[in-house]
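What follows is a single structure, written as structure tokens, with notes after it.
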Amino acid sequence: MAKEYFFIFYSALAVLLLTGVRPTAKGLWHEEALSLKSSKALLGFCAVAIMLHHMSQTIYFANEDPGILIFMVDIGVCFVGLFFFFSGYGLYSSLRDKPDYLKGFLLHRLPAVLIPFYLCNFVFIAGSCLWGYQMKAQEILPYLTGVVLMNNQMWYVVEIFFLYLLFWLVFGFIRNRDAACLVYGVCVVLMIAFSLYLGHDTTTPTQGLWFHGEWWYNTTFLMFVGVLFARWEKQILGFIRKFYGISLIVSVLLVAFFYSRTMYMLQTTGYWYEWPGHPGYREKWQTLAVQTAFVFFVVLTVILVTQKIRLGNKVLDFLGSIALELYLIHNLFLLYMPVKNRFGYILACYAAAIVLAVPLHRIDRKLIGFVGRIGTKRRAV
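Its first residue numbered 1297, the sequence shown is counted upward by one per residue in our numbering.
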């Protein structure tokens, strides 16, 4: 049966990640571990890992046996957490290192996520219709504008848009950086609480209402963690390098502990422990607490490991360049790929998503560059 060969996908991910690995010399550190180049390569790996997570869920929720891929069903939060962490880290490190960073912020940051969002959204809608989806008249405008997500895996861009905008507002108006960090953290927590109390979307066929569902908030806090890490980067790196061995051991042990607690909560109560008259808020907060700790220590462990090991190869660099498009478009093939054999289904989804993500990325770059040039000319005038 196909599931007997699913271990091949784990092997492929391991080869992808470990090819080109180089340990640093004794007594030295990988000083570029958090650089844009290194983080994009790592996020390229995260993108294909998230795809495997979603394909494992597709198999599992179809009441089929995912075999060894059962581990991937609930592990996608770790990879999304890394996306959020590096987004927060990138925001604050750019603010810290680039003069007048916030002046051109809206022009450069927002088109970089909105243009891929709307291009991929249009392609997803067109592809769905070509594959037989019959769109109702009342769905056209909400889906095209993204006010309701036809592809609910696009939630990440909607949320990151608001988190970017919030960063610009808070750090633009509050000059004291420590105070701004505190206010930003409070706002992030309020966003999490707002989404949690909205509950799940039971009114649209795609579960596409904004901020409805635990995937909208169970990794959001890592955005704030990334901001804090960049704010006190020298102090944090100094501490973990001074106590590197014990820090790594403790972090790995806490990953194992909070993974077991997270799985227990997901299997016994979790985010869906709700019924009429019982929205399950307490259970949601309990699950969120242990899952956030789990994701936090996974991210910390990754940071610790990359302090001594250089990750990166040409394939990771390539995947990193198209990571956002892969993230946004692969659900089209998860839903409509006409392959019955699940092993072949996974291969076909990977191949089709990568082939489509490449031209989408090229179009995105051209459109983003065009918008940037227009904005630059207007500022010059």
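Even for Gly, the Cβ is constructed at its ideal location relative to N, Cα and C.
These numbers were taken from a predicted model, which means no experiment stands behind them.
Can you check whether the CB of residue j is closer than 9 angstroms to the CB of residue i?
i	j	result
Lys1336	Asp1613	yes
Phe1379	Cys1342	yes
Leu1620	Val1419	no
Phe1382	Leu1339	yes
Gly1400	Val1591	no
Gln1582	Phe1554	no
Leu1257	Val1317	Only positions 1297 to 1677 of the chain appear in this structure, which leaves residue 1257 out of reach.
Leu1402	Trp1464	yes
Val1409	Ile1456	yes
Val1521	Cys1374	no
Leu1584	Tyr1569	no
His1349	Ile1371	yes
Thr1320	Lys1604	yes
Ile1536	Phe1517	no
Gly1442	Tyr1414	yes
Measure how close the beta-carbons of residue i and residue j come, nearest whole angstrom, since I'm counting them as under 8 angstroms.
i	j	result
Met1446	Ser1424	7 angstroms
Val1482	Ile1470	Going by Cβ atoms, the distance from Val1482 to Ile1470 rounds to 12 angstroms, so no, they are not a contact pair.
Ala1475	Tyr1388	Not a contact, Cβ separation roughly 14 angstroms.
Cys1645	His1626	6 angstroms
Phe1507	Tyr1301	Going by Cβ atoms, the distance from Phe1507 to Tyr1301 rounds to 39 angstroms, so no, they are not a contact pair.
If you follow the alpha helix (DSSP H) that residue i is in, where does it begin and where does it stop?
i	result
Lys1322	It is not in any alpha helix (DSSP H) - Lys1322 carries neither H nor E in the DSSP assignment.
Trp1581	Tyr1577 to Thr1602
Leu1312	Phe1303 to Leu1314
Ala1345	Leu1332 to Phe1357
Leu1562	Tyr1540 to Thr1564
Leu1478	Arg1473 to Leu1494
Asn1627	Asn1627 to Tyr1632
What residues are listed by DSSP as bridge partners for residue i?
i	result
Ile1680	Since the displayed the chain opens at 1297 and closes at 1677, residue 1680 lies outside it and no answer follows.
Arg1527	DSSP lists no partner for Arg1527.
Leu1505	Val1444
His1574	Trp1571
Arg1606	Arg1318
Is it the case that the CB of residue i approaches a heavy atom of the ligand NAP more closely than 8 angstroms?
i	result
Phe1382	Ligands are entirely absent from the displayed structure, and the ligand NAP is therefore not among its contents.
Query raised in the report: Residue ranges of each alpha helix (DSSP H) run of no fewer than 4 residues wholly in the region 1388 to 1464, ordered along the chain?
Result: 1401 to 1426 and 1433 to 1441
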